[in-house]
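S.K.: One structure follows; several queries about it will come next.
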Amino acid sequence: MYPPARHPVPHQPGQPFKFTVTESCDRIKEEFQFLQAQYHSLKMECEKLASEKTEMQRHYVMVRLPWMCPWCFGLKEDQTEHYYEMSYGLNIEMHKQAEIVKRLNAICAQVIPFLSQEHQQQVVQAVERAKQVTMAELNAIIGVGALHTHIHKFTQKFPSFRAYSFHVSADGQMQPVPFPPDALIGPNIPRHARQINTLSHGEVVCAVTISNPTRHVYTGGKGCVKVWDISHPGNKTPVSQLDCLNRDNYIRSCRLLPDGRTLIVGGEASTLSIWDLATPTPRIKAELTSSAPACYALAISPDSKVCFSCCSDGNIAVWDLHNQTLVRQFQGHTDGASCIDISNDGTKLWTGGLDNTVRSWDLREGRQLQQHDFTSQIFSLGYCPTGEWLAVGMENSNVEVLHVTKPDKYQLHLHESCVLSLRFAHCGKWFVSTGKDNLLNAWRTPYGASIFQSKESSSVLSCDISIDDKYIVTGSGDKKATVYEVIY
């Protein structure tokens, strides 16, 4: 530590060190040079870290960010670029500061023993105080108010960074959901959807359904259902047209029986049309007449024996398809029954209504099991094929995912207007919703991590997913249906 030419006075035991002014100046100069060397070393280390930036960015975004921040899901490329640049910078700064602290601690440990006993005590106390800095002191130092203002402006510029999925506790408290590491990865979880075809129906498409196997798409508009062959994406004309109801009445729902040989159509009329698709030319083989002036939604039992229709008077009509007769009505909704789904085992039925309620029905005993009350009209719902979860789309733009046996609920906020249709993938791991805001959203079951989003040019009124979960079809207000290929 001392130059070779220096001849210090021999130190007597029990006496403090005494330095001349010249010796003190030399000592300060040496310490300054030592600190300069440390600074140069740190600077070189930072430059070395900066040279690894590209690889670190890729690793940080692809692996770590989705685990740490649920807001990262569903971002556009430019938003993600901006976010991981910022995150990378913060990460490097954190490591740099940690290394600076480590080296300064080492310097302090070397310098403190040369101080007088009195000064040593003061320095040790100051170091201990520095180690115990509080969050309040840090906030005062960095100006946390300014930081909050910056974050607010940032989320206004990039709305996708706002929390959109909330867990709702039994007492109504809402907390943002921390998504698990595998939220967007793993078997049967899509990466995005690619538009592959547009079917120009000519009228607003209020209903769509896909055949099994995936070959034909049925689009319901005003007074007719059109049949499209999507096995050849270049086809721009329907292969047939099924004239239903009255010419000026809209089709609101169409459902295929599991064997694909029969189509049931309902809409703004008191009758349901049953079409035989097995003949060379599709034909009506029966009509079912109800007392209600309109049917808003249809469901078919897994054994193809029963059809359920949601009526505008709030009743759920139960039809025997073999005998073509009305066998029962479920009564409970005080306004129109708007949407419906059935459990895979055919024992439970779920219905949503314009009376702000969702109800479940026991099909074996013919009675209502549960009622869930909401603050908004129910426009769409879907029951998860693997059980336990029910997703509900509402007029107030929310999607809520309810556990059917426990008080467990998630509320999702990505739609900006009423949620008009909703459908689960057959694997049960994800579902889609569409809305008046022109959006198609794909969500992870049950917590609602955004898998992908597609914006169309008009309200998206209806949707369906193929049995193999490889295709999505939507029907929209600009008189067309859109076919998407799901990319895994």
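Take 1 as the starting number for the sequence shown in full-length UniProt numbering and just add one per residue. Built from N, CA and C at the ideal position, the CB exists for glycine as well. Quick caveat, the model's predicted, so the values are computed rather than measured.
Where does residue 490 fall in DSSP's three states?
M.R.: Summary: the structure shown does not reach residue 490, with the chain confined to residues 1 through 488, and so no result is reported for it.
S.K.: Cβ atoms of residue 422 and residue 442: under 7 Å apart, would you say?
M.R.: Result no, Cβ atoms of residue 442 and residue 422 do not sit closer than 7 Å.
S.K.: Helix, strand or coil: which one does DSSP assign to residue 32?
M.R.: Reduced to three states, the DSSP call for residue 32 is helix.
S.K.: Within the same chain, show all residues whose beta-carbon is closer than 6 Å to that of residue 304, passing over the 5 residues directly before and after it, in chain order.
M.R.: Closer than 6 Å at Cβ, skipping near neighbours: 257, 258.
S.K.: Consult DSSP for residue 384 and reduce its assignment to one of helix, strand or coil.
M.R.: It is coil, neither helix nor strand.
S.K.: Tell me whether residue 186 is buried or exposed, calling it buried when 16 or more other Cβ atoms sit within 10 Å of its Cβ.
M.R.: Exposed: under 16 other Cβ atoms inside 10 Å.
S.K.: Can you give me the C-alpha to C-alpha distance between residue 179 and residue 448, rounded to a whole angstrom?
M.R.: About 9 Å.
S.K.: DSSP on residue 489, reduced to helix/strand/coil?
M.R.: The structure shown does not extend to residue 489, since the chain is modelled only from 1 through 488, so no value can be given for it.
S.K.: Which of the three DSSP states, helix, strand or coil, is assigned to residue 110?
M.R.: Helix at residue 110.
S.K.: Going by DSSP, what residues sit across from residue 344 in a beta bridge?
M.R.: Paired residue(s): none; residue 344 is not in a bridge.
S.K.: For residue 317, does the three-state DSSP call read helix, strand or coil?
M.R.: Strand at residue 317.
S.K.: By Cβ distance below 7 Å, which residues in the same chain neighbour residue 240 in space, the five residues on each side in sequence not counted?
M.R.: Around residue 240: 227, 282.
S.K.: Over what stretch of residues does the beta strand (DSSP E) that includes residue 192 continue unbroken?
M.R.: That run of the beta strand (DSSP E) goes 192 to 200.
S.K.: DSSP on residue 268, reduced to helix/strand/coil?
M.R.: Coil, per DSSP.
S.K.: Report all residues from its chain with a CB closer than 8 Å to the CB of residue 271; omit the five preceding and five following residues, and keep chain order.
M.R.: These residues qualify, in order along the chain: 245, 287, 288, 289, 290.
S.K.: Using only CA atoms, which one of 43, 124, 381, 317 lies nearest to residue 366?
M.R.: With distances taken between Cα atoms, residue 366 lies closest to 317.
S.K.: When you compare the CB positions of residue 273 and residue 292, do they come within less than 7 Å of one another, or not?
M.R.: Cβ distance not < 7 Å, so residue 273 and residue 292 don't count as in contact.
S.K.: Would you report the Cα separation of residue 170 and residue 435, rounded to the nearest angstrom?
M.R.: Distance between the alpha carbons of residue 170 and residue 435 is about 28 Å.
S.K.: Looking at residue 298: is its Cβ nearer than 7 Å to the Cβ of residue 266?
M.R.: A contact, by the Cβ cut-off of 7 Å.
S.K.: Alpha carbon to alpha carbon, how far is residue 70 from residue 452?
M.R.: Below a pLDDT of 50, predicted positions are generally treated as unreliable, and residue 70, at 38, falls in that range; no measurement from the model is reported.
S.K.: Compare the C-alpha of residue 393 against each of 376, 384, 406, 407 and name the closest.
M.R.: For residue 393, the nearest C-alpha among the options comes from 376.
S.K.: Compare the C-alpha of residue 485 against each of 106, 275, 25, 197 and name the closest.
M.R.: Nearest option by C-alpha distance: 197.
S.K.: Among the residues of its own chain, which have a CB less than 6 Å from the CB of residue 465, if the five just before and after it don't count?
M.R.: Excluding sequence neighbours, residue 465 sits near 423, 425, 472.
S.K.: Do you know offhand how far residue 95's Cα is from residue 181's?
M.R.: Approximately 24 Å, taken between the alpha carbons.
S.K.: Note down, one range per segment and in chain order, each alpha helix (DSSP H) of at least 4 residues found wholly within the stretch 235 to 306.
M.R.: List check, alpha helix (DSSP H) in window: nothing returned.
S.K.: Is DSSP giving residue 336 helix, strand or coil here?
M.R.: Note: residue 336 maps to coil in three-state DSSP.
S.K.: What would DSSP say about residue 468, mapped onto helix, strand or coil?
M.R.: Residue 468 falls in the coil class under three-state DSSP.
S.K.: Among 387, 236, 254, 438, which residue has its Cα nearest to the Cα of residue 222?
M.R.: Selected option, being the one with the closest Cα: 254.
S.K.: DSSP state of residue 406, grouped into three classes?
M.R.: Residue state, collapsed to three classes: coil.
S.K.: Return helix, strand or coil for residue 152, following the three-state DSSP convention.
M.R.: Residue confidence for residue 152 is low, a pLDDT of 47 falling below 50, so the modelled location carries little weight; the figure read from the coordinates is stated next. Helix.
S.K.: Over what stretch of residues does the beta strand (DSSP E) that includes residue 224 continue unbroken?
M.R.: Per DSSP, residue 224 belongs to the beta strand (DSSP E) from 224 to 229.
S.K.: Assign residue 372 to one of three DSSP states: helix, strand, or coil.
M.R.: Residue 372: strand per DSSP, three-state reduction.
S.K.: Are residue 92 and residue 49 closer than 7 Å when you measure CB to CB?
M.R.: Cβ atoms of residue 92 and residue 49: closer than 7 Å.
S.K.: DSSP three-state call for residue 543: helix, strand or coil?
M.R.: It is not possible to answer for residue 543, since the shown part of the chain is limited to 1 through 488.
S.K.: According to the Cβ coordinates, are residue 373 and residue 354 closer than 7 Å?
M.R.: No.
S.K.: What does residue 213 pair with, by DSSP beta-bridge criteria?
M.R.: Residue 213 is not bridged to any residue.
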